[in-house]
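Trainee: Provided herewith is a single structure, encoded as structure tokens, for subsequent inquiry.
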Amino acid sequence: MIRDHATACDDTRGVTLLTPRLRLRPPVESDAQNIHVALSDFEVTRMLASVSWPHELEGAYDFIACTREKMRVGEALPLVLELRAREARGLIGIVEMRGLKGEPEIGFWLARPHWRCGLMSEAVSHVLAHAFDTYGFETIGSGAFMENAASIGLHRKLGFAITGTSRLFCKPQMCELQHVDMVLSRADFRPSGLAA
1 MIRDHATACD DTRGVTLLTP RLRLRPPVES DAQNIHVALS DFEVTRMLAS
51 VSWPHELEGA YDFIACTREK MRVGEALPLV LELRAREARG LIGIVEMRGL
101 KGEPEIGFWL ARPHWRCGLM SEAVSHVLAH AFDTYGFETI GSGAFMENAA
151 SIGLHRKLGF AITGTSRLFC KPQMCELQHV DMVLSRADFR PSGLAA
């Protein structure tokens, strides 16, 4: 199936999306080491609510098994990010749609060497477009810790509206932090980097 924003292929492992610079595909066990390396960087992990710190390799295997099961039963769409360049190999981040059977929300992280290149805007935009087109959602929720200005900026760029704030426990920092709650409507979605 070809769309103007991405090429999506259904296979036994789920959906694969191709963006101008990225390949987004379901996680496999061989991704565990790259997940572990990326999440062993506290600057990445400290802005994630539910990742243990220090990160352990077993946690990466558990994440893969759990998300693949949720994908199998249609509750989630976890996708790892890989650069499409020939010399690039391995996972550089994750975008995950959760709540596919209820209240959908999106979460994501990117390994620090790839920050400030526009890659996450490109990836999240493609996943949102796929979710709106495929599942027919009218709204998709998300959020970020108040101190994560880059993530809040990315959300706003794509059209997310702030609906309020809450207190959310941050496992890596072992404390509650101020969390910015956001929602994106289909009508307000501003795609980024969808041209192939």
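Using full-length UniProt numbering, read the sequence shown as starting at 1 and increasing by one per residue.
Using N, Cα and C, we set each Cβ at its ideal position, and we do this for glycine too.
Every value quoted in this text rests on a predicted model; they were computed, and no experiment measured them.
#1: Mapping the DSSP letters down to three states, classify residue 55 as helix, strand or coil.
#2: Going by the DSSP bridge assignment, what does residue 93 pair with across the sheet?
#3: Exposed or buried, which one is residue 95 when buried takes at least 16 other CB atoms within 10 Å?
#4: Need the endpoints of the alpha helix (DSSP H) that residue 134 sits in, please.
#5: Leaving out the 5 sequence neighbours to the left and right, which residues in its chain are closer than 7 Å to residue 188 when beta-carbon positions are compared?
#6: Under 8 Å, with one C-beta from each stretch per pair, do the region 58 to 71 and the region 112 to 120 reach the 3-pair mark?
#7: For residue 176, which option in 48, 100, 129 has the closest C-alpha, if you only look at C-alpha atoms?
#8: Around the C-beta of residue 146, are 16 or more other C-beta atoms found within 10 angstroms, so that it is buried, or is it exposed?
#9: So is residue 74 buried or exposed if we call it buried at 16+ other beta carbons inside 10 Å?
#10: Taking just the CA atoms, how far does residue 171 sit from residue 199?
#11: Just to confirm the assignment, what range does the alpha helix (DSSP H) spanning residue 43 have?
#12: Go ahead and label residue 129 buried or exposed: buried means 16 or more other beta carbons lie within 10 angstroms of its beta carbon, across all protein chains shown.
#13: Flag this pair as yes or no: are the beta carbons of residue 109 and residue 93 separated by less than 8 Å?
#14: Quick test of the definition: if touching needs 3 or more C-beta pairs under 8 Å, does the region 30 to 47 touch the region 15 to 22?
#15: Comparing C-alpha positions only, which one of 184, 173, 112 sits nearest to residue 54?
#16: Is it the case that the Cβ atoms of residue 166 and residue 155 are separated by a distance below 8 Å?
#17: In this structure, does DSSP put residue 22 in helix, strand or coil?
#18: Leaving out five residues before and five after residue 139 in sequence, what residues of the same chain have Cβ atoms less than 6 Å from its Cβ?
#19: Taking residue 191 as the reference, which of 150, 144, 132, 57 has the closest Cα?
#20: CA-CA distance, residue 111 and residue 84?
#21: DSSP three-state call for residue 151: helix, strand or coil?
Mentor: Reading off the structure:
#1: Sequence index remark: in the sequence shown, residue 55 carries index 55 (1-based). Of the three classes helix, strand and coil, the one that applies to residue 55 here is coil, per DSSP.
#2: For the purposes of this step, residue 93 is taken as the residue at position 93 of the sequence shown. In the DSSP output, where bridge partners are listed per residue, residue 93 has 81, 110.
#3: Position 95 of the sequence shown, counting from 1, holds the residue named residue 95. Buried is the call here.
#4: Here residue 134 refers to the residue found at position 134 when the sequence shown is read from its first residue. Where residue 134 is concerned, the enclosing alpha helix (DSSP H) stretches over 119 to 135.
#5: For the purposes of this step, residue 188 is identified with residue 188 of the sequence shown, where counting begins at 1. Contacts found: 159, 161.
#6: no
#7: Walking along the sequence shown from the start, residue 176 turns up at place 176. When only C-alpha atoms are compared, the closest one is 48.
#8: The count along the sequence shown starts at 1 and reaches residue 146 at position 146. Exposed.
#9: Residue 74 sits at position 74 when you count from the first residue of the sequence shown. The residue in question, residue 74, is exposed, as its Cβ has fewer than 16 Cβ neighbours within 10 Å.
#10: With the chain covering 1 to 196 only, the question about residue 199 has no answer from this structure.
#11: Taking the first residue of the sequence shown as position 1, residue 43 is located at position 43. From DSSP, the alpha helix (DSSP H) with residue 43 extends over 42 to 45.
#12: In the sequence shown, the residue the question calls residue 129 occupies position 129. The residue is buried, with at least 16 neighbouring Cβ atoms inside 10 Å.
#13: Along the sequence shown, one-based indexing puts residue 109 at 109. Along the sequence shown, one-based indexing puts residue 93 at 93. A contact, by the Cβ cut-off of 8 Å.
#14: no
#15: Taking the sequence shown and counting its residues from 1, the one referred to as residue 54 is at position 54. Taking only the C-alpha atoms, the option nearest residue 54 is 173.
#16: Here residue 166 corresponds to residue number 166 of the sequence shown, with the count starting at 1. Here residue 155 corresponds to residue number 155 of the sequence shown, with the count starting at 1. Result no, Cβ atoms of residue 166 and residue 155 do not sit closer than 8 Å.
#17: Sequence index remark: in the sequence shown, residue 22 carries index 22 (1-based). Reduced to three states, the DSSP call for residue 22 is strand.
#18: By 1-based counting over the sequence shown, the position of residue 139 is 139. Within the same chain, residue 139 has close Cβ partners 183, 185.
#19: Start at 1 with the first residue of the sequence shown, and residue 191 comes out as number 191. Nearest C-alpha to residue 191: 132.
#20: On the sequence shown, position 111 is the one that residue 111 refers to. On the sequence shown, position 84 is the one that residue 84 refers to. The alpha-carbon atoms of residue 111 and residue 84 are separated by roughly 16 Å.
#21: Translated into positions along the sequence shown, residue 151 becomes position 151. Correct three-state label for residue 151: helix.
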